[in-house]
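Going by numbering that gives the first Met the number 0, the first residue of the sequence shown is number 0, and it counts up by one from there.
Here a beta-carbon is modelled for each residue, glycine too, at the ideal position from N, C-alpha and C.
Please read the structure below before turning to the comments.
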Amino acid sequence: MKSPILKRLPPMDGNAGKLLKQLAGNEKMAELGRLSAGVIHEINTPLSVIAAASQMILDEKGLPVHVAEMVERIFQEVCRLSRLTKSILAFSREDNPSLQDTDISLVLRDVLLFLKYEIRKRSVTVFEELEPELPSIVADPNQLKQVFLNLIVNALQAMGQGGRLAIAASSSVDGLVRIVVRDTGPGIPEELLERIFDPFFTTKKPGEGTGLGLFVTKTHVERFGGRIQVVSEVGRGTSFILLFPASVQH
0 MKSPILKRLP PMDGNAGKLL KQLAGNEKMA ELGRLSAGVI HEINTPLSVI
50 AAASQMILDE KGLPVHVAEM VERIFQEVCR LSRLTKSILA FSREDNPSLQ
100 DTDISLVLRD VLLFLKYEIR KRSVTVFEEL EPELPSIVAD PNQLKQVFLN
150 LIVNALQAMG QGGRLAIAAS SSVDGLVRIV VRDTGPGIPE ELLERIFDPF
200 FTTKKPGEGT GLGLFVTKTH VERFGGRIQV VSEVGRGTSF ILLFPASVQH
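Printed below as a string of structure tokens:
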């Protein structure tokens, strides 16, 4: 028999039910983040060692082709795992930033160097247009690398084989630093543009993406006082535009 109080309560409408489910889901995700953060911190160190060792082996001259192919596969899989663990850390907000004046040009070149084997394998042509003496921004260098890593890897995957990747960085008189990452991939349908930054939203096949990359990218960009925009045209490619306030030089 229902209590008098329950009898007087109005029936829960659809919106209230959805809200309760959303809150329960948020709590589960928060708990997952807390549980996984400690384990992921332990995993990242050996992953970094394996990635560095793989790169050293690949830089060796006269490496047999079959050995180079195996090591390159190891390197790619380690990089994929590393991106996943960093994305989960950022999602759980356990990865505290170390903010400092950061050279964007240096970060971009480090990321492109890190991805040189993937770029070469996909036969992608890279165009760089980085303004000389570009102002620095206040950011965490490692998290900023994650931002550009996510964007460039997404661009490479979207293009598949071949294509052009253009990266431009410039400053403006209003104190902003503007970075554009443009690919010549298939583009993003207009109906999906509003969802691409949502956590766990992905158009990739199962096992190829977590749907956290762009969410983490947007989180980092906004953490550094910046903003991110996307412009895309089906059949012609996609551009991500990042705007950051230049750091004040004293």
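Cβ-Cβ separation, residue j to residue i (assumed contact under 8 Å), whole Å
i      : j      : result
Arg121 : Gln75  : Their Cβ separation, rounded to whole angstroms, is 11 Å, which puts Arg121 and Gln75 out of contact at 8 Å.
Pro140 : Thr101 : 5 Å
Leu155 : Val110 : That belief does not hold up - the Cβ atoms of Leu155 and Val110 are roughly 12 Å apart, past 8 Å.
Arg226 : Val220 : 7 Å
Leu57  : Ala67  : 6 Å
Arg181 : Ser238 : 4 Å
As assigned by DSSP and simplified to three states, the class of residue i
i      : result
Thr216 : helix
Glu189 : helix
Val110 : helix
Gln228 : strand
Phe196 : coil
Glu71  : helix
Val125 : strand
Val137 : strand
Pro45  : helix
Ser81  : helix
Own chain partners of residue i with C-beta closer than 6 Å, once the 5 adjacent residues on each side are dropped
i      : result
Glu128 : Ala167
Lys1   : Because Lys1 sits at a pLDDT of 46, beneath the cut-off of 50, its placement in the model cannot be relied upon, and the following sentence gives the value as read from the coordinates. The answer is none, since no qualifying residue turns up.
Val137 : Leu98, Ser246
Arg163 : Thr124, Thr183
Leu62  : none
Val230 : Ser238
Gln228 : Ile240
Ile73  : Ser53
Residue j beta carbon less than 9 Å from that of residue i
i      : j      : result
Ala165 : Val125 : yes
Ile240 : Val179 : yes
Phe243 : Leu150 : no
Glu284 : Tyr116 : Because the chain in this structure spans residues 0 to 249, residue 284 falls outside the shown range and cannot be described.
Cys78  : Ala52  : no
Val152 : Leu114 : yes
Gly236 : Pro185 : yes
Span of the beta strand (DSSP E), counted from its first residue to its last, around residue i
i      : result
Leu150 : Where Leu150 is concerned, there is no enclosing beta strand (DSSP E), although the alpha helix (DSSP H) it sits in stretches over 140-158.
Arg181 : 175-182
Arg163 : 163-170
Phe223 : First-last for Phe223: undefined, no H or E at that position.
Ser246 : Element bounds for Ser246: n/a, residue is neither H nor E.
Asp100 : 99-101
Spatial neighbours of residue i in its chain, beta-carbon cut-off 8 Å, leaving aside the 5 residues before and after
i      : result
Thr84  : Ile39, Ile42, Asn43, Leu46
Ala15  : For Ala15, the predicted model reports a pLDDT of 49, less than 50, meaning its position is unreliable and no value from the coordinates is stated.
Leu133 : Asp102, Ile103, Ser104, Ala168, Ser169, Ser170, Val176
Ile118 : Leu111, Val125, Leu155, Leu164
His65  : none
Range covered by the alpha helix (DSSP H) that runs through residue i
i      : result
Glu117 : 115-120
Residues of its chain near residue i, where Cβ-Cβ distance is below 7 Å and the 5 sequence neighbours each way are ignored
i      : result
Pro188 : Val233
Val146 : Thr216, His219, Val220
Phe196 : Leu213, Phe214, Lys217
Lys144 : Val106, Asp109, Val110
Glu130 : Ala168, Ser169, Ser170
Gly24  : Note that Gly24 scores 49 on pLDDT, short of 50, meaning its location in the model is unreliable; the coordinates nonetheless yield the value given after this. If we look at Gly24 and ignore the five residues flanking it on each side, it has no Cβ neighbours.
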